[in-house]
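First up is the structure itself, then whatever we jot down about it.
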Amino acid sequence: MAGPKIFWIDQGDRVEDLAGDSSNISLYPGRELSRHLLSSLRAKEGDSFPFSDPETGTIYRGTLVSREPCSLKLDVESGRISRKHFFPRLGIVFSPLKGDSFSEALSMAVMAGIDILQPVISDRSIVRWPEGIGWASKAKRFAGIVREKSQLAGRATRMRIASPLSLRESLKNRASDVFLWFDEDPVGALDPMKAIDSLRRFPIQFWEQKTIWSVVGPEGGWSPRDRDFLRDPEEKGSVFRISLGERIFSGEMALLTAILFLGTFLAPALSRDRQILQAGEG
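Residues in the sequence shown are numbered from 1 upward in steps of one, following the numbering used here.
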């Protein structure tokens, strides 16, 4: 990756829609974006670059009209992206990792198209941030990683990182969603490909406004008490237990495997099903 595939329009940048109908939009970049365009890329008047509003997914083609002050004309390349184009949303429920391991997982999740990360504090969690302090102090750094990796990957939307919850709270708050429990016990569990087949049997409309979550435990697996929290929704059919075989993965490897499974195998399979259905309706 030599450089950003797309530039995000963020809080430090100013956008003016003079006509109010997206026909005459101007972008006045903040200090950071201006420096990147004018100094790093040495952009000249008439040069154009892709931009996005990460909150809406709107993609623009921005043409530099002035270097001093730095300003660009924005033309909409795609309208506001409906969530229907991204359903089902993809989420990861995981027991937090330390330092660089979490940063690496965060980067992978962004580039794999994950929509939301939900850290959970479990009985065997390695990391336990003081409530309201430890996690909040890292929010700016996490946001910077999301922004950097999204631009490098050409991602137009922002991945959300939720505040830590207990496993029980996370399952309770999202009872209408679907969970894939990556379990170290292979007895009675599905292999990944069978899990994909099972999920594809649901009608396409089932996935509207839903999130598929991969549930990844801490080093050594979930405690018996945490496993009980997962058993109840499993019996109700909202949790699919998946085994990766007899191998024992580290916390980092298990998390990266779950991210890749969602982003590069399951999501494309469901997306193809939707496209086939739409083609048949047309």
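We put the CB at the ideal spot given by N, CA and C, even for glycine. The structure presented is a predicted model; accordingly, all values stated were derived computationally and were not measured.
Nearest-angstrom Cα separation, counted from residue j out to residue i
i, j, result
"S214", "T264", "13 Å"
"R225", "S107", "31 Å"
"A269", "G245", "22 Å"
"H85", "Q275", "In this prediction, H85 has a pLDDT of 49, which is less than 50 and means its spatial position is unreliable; what the coordinates show is noted afterwards. Going by the C-alpha atoms only, they are around 10 Å apart."
"F49", "I6", "7 Å"
"R35", "L41", "9 Å"
"L117", "S271", "21 Å"
"L152", "R231", "39 Å"
"K236", "E77", "43 Å"
"R83", "R160", "Low local confidence applies: a pLDDT of 41 at R83 is under 50, so the model's placement there is unreliable, with the coordinate-based value given in what follows. Whole-angstrom Cα-Cα distance: 14 Å."
"F229", "Q205", "28 Å"
"D191", "F94", "20 Å"
"P164", "S101", "17 Å"
"K98", "F142", "13 Å"
"G20", "P4", "29 Å"
"E169", "S39", "48 Å"
"E234", "N173", "15 Å"
"I59", "P69", "23 Å"
"A283", "K138", "Any answer about residue 283 is impossible in this case: the structure gives the chain only from 1 up to 282."
Per DSSP, cross-strand counterpart(s) of residue i
i, result
"W181", "V215 and R241"
"E234", "According to DSSP, which records beta bridges pairwise, E234 is partnered with nothing at all."
"Q118", "V93"
"R61", "P50 and D75"
"D17", "I25"
"I161", "L117"
"W8", "S52"
"R338", "The structure shown does not extend to residue 338, since the chain spans only 1 to 282, so no value can be given for it."
N-terminal and C-terminal residue of the alpha helix (DSSP H) that residue i is part of
i, result
"D197", "P192 to R200"
"L27", "That residue, L27, is in no alpha helix (DSSP H); its beta strand (DSSP E) goes I25 to Y28."
"I259", "G251 to L260"
"L41", "From DSSP, L41 is part of no alpha helix (DSSP H); its letter is neither H nor E."
"S170", "L167 to N173"
"L33", "R31 to R35"
Contact set for residue i: own chain, Cβ-Cβ below 6 Å, skip 5 residues either direction
i, result
"R14", "Y28"
"K140", "none"
"L18", "N24"
"D47", "L64"
Proximity of residue i and residue j at Cβ, strictly below 8 Å
i, j, result
"Q156", "G62", "Rather than Gln, the amino acid found at residue 156 in this sequence is Ala. No. Outside cutoff."
"A195", "I242", "yes"
"K210", "D185", "no"
"I212", "L180", "yes"
"A267", "G113", "yes"
"D75", "I9", "no"
"S23", "E16", "no"
"V239", "S166", "no"
"P203", "G251", "no"
"L262", "L90", "yes"
"A109", "I92", "yes"
"L256", "A105", "yes"
"A254", "F182", "yes"
"E32", "R158", "no"
Test: residue i CB closer than 8 Å to a CB of chain C
i, result
"I114", "Among the chains of the structure shown, chain C does not appear; only one protein chain is present."
Spatial neighbours of residue i in its chain, beta-carbon cut-off 7 Å, leaving aside the 5 residues before and after
i, result
"V65", "E45, S71, L72 and K73"
"S103", "I145"
"G30", "G12 and D13"
"A189", "D183, R241, I242 and S243"
"K149", "S107, V110 and M111"
"G220", "R124"
"V187", "none"
Contacting residues, own chain, Cβ-Cβ under 8 Å from residue i (five flanking each side not counted)
i, result
"A43", "L37, F49, L64 and R67"
"M123", "Looking at the sequence provided, one finds Asp at residue 123 rather than Met. Once the five neighbours on either side are set aside, the close Cβ partners of D123 are W222, S223, R225 and D226."
"D273", "R200 and I204"
"A175", "P233 and S238"
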